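Start counting the sequence shown at 1049; every next residue gets the next number (my numbering).
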Amino acid sequence: MPSGIACALVCVLFIATAARAEAAEGSARARTVATAASSAAAALQARRLEKGKSDFERLSADTRRNKRRDTWEVVIRELESAFSAAPKGPRAVEAAALGARAREELWSASRRTPDAAAAIEAYRHVDEAAPGSAEAAAALSRAVDLARRIGDPETAASVARRLVARYPGTDEASSAAPVAGFAAKSAPAEPQAKPPPAGPQPKPDPVAPLKHALAASLPKPTPAAPAPAEPETEETAAAASRLLDRVIDAARKGAASVSAGDDDEVDEADLPPEPEAPEPVGGMIVKQAVPPSADSDADRPEKVERARELRSAALASKAGSLTEQLGLRIRRVVVDAGHGGRDTGALGPRGTREKDVALAIAKVLALKLKALGFAVVLTRQDDRYLTLDERTRIANDARADLFVSIHCNAARRRKLSGIETWTLNVASNRYAARLATFENADTDRSASDLRLILADLATRANADDSRDIAQSVQSALVRAMRSRGEKVTDHGIKHALFYVLLGARMPAILVETGFISNPAEEGRLRSRDRQRAAADAIAAGVREFADSRRRIARFP
């Protein structure tokens, strides 16, 4: 080969090799630049998300500012910009999900249907951004609930079908199945909640004495000339009297809630215990009920409180508690371990989960109560998720005589500690409202102030017993912990609108066994010995109440 040609070939090979090396180097530089850009985008996303989360939490806790559209729009922009910074970033799904939650909170403040529609679309976007993820399933579940709350059954069914098809076997899919139209398998359970047909010889009305006592004690309205001193208050009290008659009658038929139409007319409404119920009635979110909504009359709280006082006084002076009036005994107790599954409840500084502590105490409590002769039903025996409706439905289906829900408390101030026991009532102060809002986090229902009062009326017959049982349990818990050398703060008996207590058709209490947010108390709550001591004390409180009514005899 001539030397000239050889030299030319060598030059060509050299140039080609150099070109390949340069191309490889360019690709490496491009990858480096892309990686750097991706890292920068992820870092930007993280910063925006953390700020958005912080602003979301602060705004959620600010009962004045969280009613304004502009404040929520700021948070929404922050969270959506966090997602846009890196749509495929490691925290993109978290940003999208929280942005959808912020849009739902905006709807809660505005009650405008377009805001709800935007929130539902945002939840769908979470599923598109992260198909197959737990966050996507939870987002679609919230979209179903929101569509039902705004009265859009078509959208609810459409999203529910998508949820069931894409996430079979999940808790969210199980809850959405009835909405999607797959509730046929649960239909046979419905007759259990209905009363048996009336026989040829009707039985005496067991609540007639209570009805007569209430009718005799509460003032009657004078349509032509209302009482001059407090005409609106007397009218409210009279309406309460008529309503309570209907509530008691509904209780005999298996209902547990009522709805109101015009001012002077009260109609019975079926409680929706079955999953296929299209529209829940009387659901509660305390943060929307305390204080009253802006479109309510300025003097409504005074009227309501006065009516409640009149009703309570009549019940106490004339009829006594329902169990005393009817000579009932406590035979069966439902023990509810708060939270569970994807709902961890409160978290302690060391990562202790409320759901784990509640379940541990509940299991021991069930054994203690069985040893005392009670029949016991646990709402859950493992780490599973139950809606608040499902918990009270278990108690109602079991025909329980008492419902005890076990929880751990939490507060922003980590110094707070102590024990408290709660019964159902409208939250009367900011602390009660905040706690009830946290415990009600599983339910997204809302109601007018009037529905709150009607729901409160529906459970009034059990209020005295709930208060007495709460006092017995609270005293027993404080005594037991102090006997162990703990410096326990006794926060006493309190009242708030806990949804898990609202649906129960029997005396019901919620026990906060300690502040998991307090580092020292968190350590005690983690202790198996302390958990057993708490269960012992709660069982002793239940027994003390039962003995005081002389109801303990033989149990089948």
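Glycine is no exception: its CB is placed at the ideal position from the N, C-alpha and C atoms. As the structure is a computational prediction, the values presented were derived from the model and not from experiment.
If you draw a straight line from the C-alpha of residue i to the C-alpha of residue j, how long is it?
{"i": "ARG1113", "j": "THR1119", "result": "7 Å"}
{"i": "ARG1149", "j": "ALA1071", "result": "47 Å"}
{"i": "VAL1381", "j": "THR1440", "result": "12 Å"}
{"i": "GLU1313", "j": "ARG1125", "result": "With a pLDDT of only 31 at GLU1313, under 50, the local geometry of the prediction cannot be trusted, and no value is derived from it."}
{"i": "SER1102", "j": "GLU1128", "result": "14 Å"}
{"i": "VAL1559", "j": "SER1086", "result": "49 Å"}
{"i": "GLU1142", "j": "VAL1212", "result": "22 Å"}
{"i": "LEU1417", "j": "THR1561", "result": "17 Å"}
{"i": "GLY1571", "j": "ARG1139", "result": "32 Å"}
{"i": "PRO1135", "j": "MET1529", "result": "52 Å"}
{"i": "LYS1099", "j": "ALA1066", "result": "49 Å"}
{"i": "ARG1398", "j": "ALA1414", "result": "28 Å"}
{"i": "LEU1464", "j": "GLU1569", "result": "9 Å"}
{"i": "LEU1061", "j": "GLU1073", "result": "18 Å"}
{"i": "VAL1227", "j": "ALA1144", "result": "25 Å"}
{"i": "ASP1430", "j": "THR1080", "result": "49 Å"}
{"i": "ASP1516", "j": "PHE1593", "result": "7 Å"}
{"i": "THR1537", "j": "GLU1176", "result": "49 Å"}
{"i": "ALA1184", "j": "LEU1146", "result": "12 Å"}
{"i": "GLU1350", "j": "ALA1419", "result": "Since pLDDT at GLU1350 reaches only 48, below the 50 mark, its modelled position is unreliable, and the value read off the structure follows with that caveat. Roughly 47 Å separates the two Cα atoms."}
{"i": "ALA1168", "j": "ALA1186", "result": "As written in the sequence, residue 1168 is Ile, which differs from the Ala given in the question. So the two alpha carbons sit approximately 12 Å from each other."}
{"i": "ASP1577", "j": "LYS1535", "result": "17 Å"}
{"i": "ARG1197", "j": "GLN1519", "result": "37 Å"}
{"i": "ASP1219", "j": "GLU1152", "result": "21 Å"}
{"i": "ASP1437", "j": "PRO1216", "result": "22 Å"}
{"i": "ARG1117", "j": "VAL1123", "result": "10 Å"}
{"i": "ALA1178", "j": "GLY1533", "result": "51 Å"}
{"i": "ALA1205", "j": "GLY1229", "result": "7 Å"}
{"i": "ASP1595", "j": "ALA1448", "result": "18 Å"}
{"i": "PRO1162", "j": "SER1181", "result": "27 Å"}
{"i": "ALA1605", "j": "ARG1159", "result": "Here the chain comprises residues numbered 1049 to 1604, so residue 1605 is not present and cannot be evaluated."}
{"i": "LEU1188", "j": "LYS1115", "result": "25 Å"}
{"i": "PHE1104", "j": "HIS1543", "result": "28 Å"}
{"i": "ARG1527", "j": "ALA1221", "result": "45 Å"}
{"i": "ALA1446", "j": "ALA1208", "result": "29 Å"}
{"i": "ILE1063", "j": "ILE1053", "result": "15 Å"}
{"i": "THR1111", "j": "LEU1450", "result": "34 Å"}
{"i": "CYS1456", "j": "ARG1210", "result": "36 Å"}
Please go through the same chain and pick out, in chain order, the residues whose beta-carbon is closer than 7 Å to the beta-carbon of residue i, but skip the five residues on each side of it.
{"i": "GLY1137", "result": "ALA1089, ALA1090 and GLN1093"}
{"i": "ARG1096", "result": "GLU1126, SER1129, ALA1130 and ALA1133"}
{"i": "THR1400", "result": "ILE1564, GLU1570, LEU1573 and ARG1574"}
{"i": "ALA1164", "result": "TRP1155, LEU1194 and ILE1198"}
{"i": "VAL1521", "result": "THR1469, ILE1557, VAL1559, ILE1586, GLY1589 and VAL1590"}
{"i": "ALA1582", "result": "ILE1409, LEU1525 and THR1561"}
{"i": "SER1360", "result": "Confidence is the limiting factor: at SER1360 the pLDDT is only 46, short of 50, which leaves the residue's position unreliable, though a coordinate-based value still follows. Once the five neighbours on either side are set aside, SER1360 has no close Cβ partner at all."}
{"i": "VAL1174", "result": "VAL1141, ALA1144, ALA1145, ALA1148, GLU1183, ALA1184 and ALA1187"}
Spatial neighbours of residue i within its chain, please: CB distance less than 6 Å, with the 5 preceding and 5 following residues excluded, ordered by chain position.
{"i": "LYS1403", "result": "HIS1387, GLY1388, THR1392 and GLY1393"}
{"i": "HIS1539", "result": "GLY1466 and GLU1468"}
{"i": "ARG1190", "result": "TYR1171"}
{"i": "THR1203", "result": "ALA1195"}
{"i": "ASN1444", "result": "ARG1553"}
{"i": "ALA1458", "result": "ALA1394, ILE1564 and SER1565"}
{"i": "LEU1525", "result": "ILE1467 and ALA1585"}
Measure how close the beta-carbons of residue i and residue j come, nearest whole angstrom, since I'm counting them as under 8 Å.
{"i": "GLN1579", "j": "ILE1442", "result": "Their Cβ separation, rounded to whole angstroms, is 22 Å, which puts GLN1579 and ILE1442 out of contact at 8 Å."}
{"i": "ALA1157", "j": "VAL1192", "result": "So it is not a contact: roughly 21 Å between Cβ atoms."}
{"i": "VAL1452", "j": "ILE1557", "result": "6 Å"}
{"i": "ILE1454", "j": "ASP1512", "result": "That belief does not hold up - the Cβ atoms of ILE1454 and ASP1512 are roughly 22 Å apart, past 8 Å."}
{"i": "THR1471", "j": "ILE1586", "result": "With a Cβ gap of about 15 Å, THR1471 and ILE1586 do not count as contacting."}
{"i": "ALA1555", "j": "SER1523", "result": "This sequence places Pro at residue 1555; Ala is not what is there. Between SER1523 and PRO1555 the Cβ distance is about 16 Å, and since that is not below 8 Å, they are no contact."}
{"i": "ALA1423", "j": "ARG1379", "result": "6 Å"}
{"i": "ARG1460", "j": "TYR1433", "result": "With 8 Å as the limit, ARG1460 and TYR1433 do not qualify as a contact, their Cβ atoms being about 26 Å apart."}
Leaving out five residues on either side along the sequence, give the residues of the same chain with a beta carbon under 8 Å from the beta carbon of residue i.
{"i": "GLU1121", "result": "LEU1154"}
{"i": "ARG1106", "result": "none"}
{"i": "PRO1567", "result": "GLY1396, PRO1397, ARG1398 and ARG1462"}
{"i": "ARG1108", "result": "In the sequence as displayed, the identity of residue 1108 is Ser instead of Arg. Result list for SER1108: ASN1114 and GLU1153, in chain order."}
Exercise. Hey, which unbroken runs of the beta strand (DSSP E) at 3 residues or more fall wholly within the region 1383-1470?
Worked result: 1423-1426 and 1450-1457
Exercise. Which runs of the alpha helix (DSSP H), 4 residues or longer, sit entirely within the region 1516-1589?
Worked result: 1547-1550 and 1567-1574
Problem set entry | alpha helix (DSSP H) runs contained entirely in the region 1096-1182, provided each spans 4 or more residues | 1117-1133, 1140-1158 and 1161-1177
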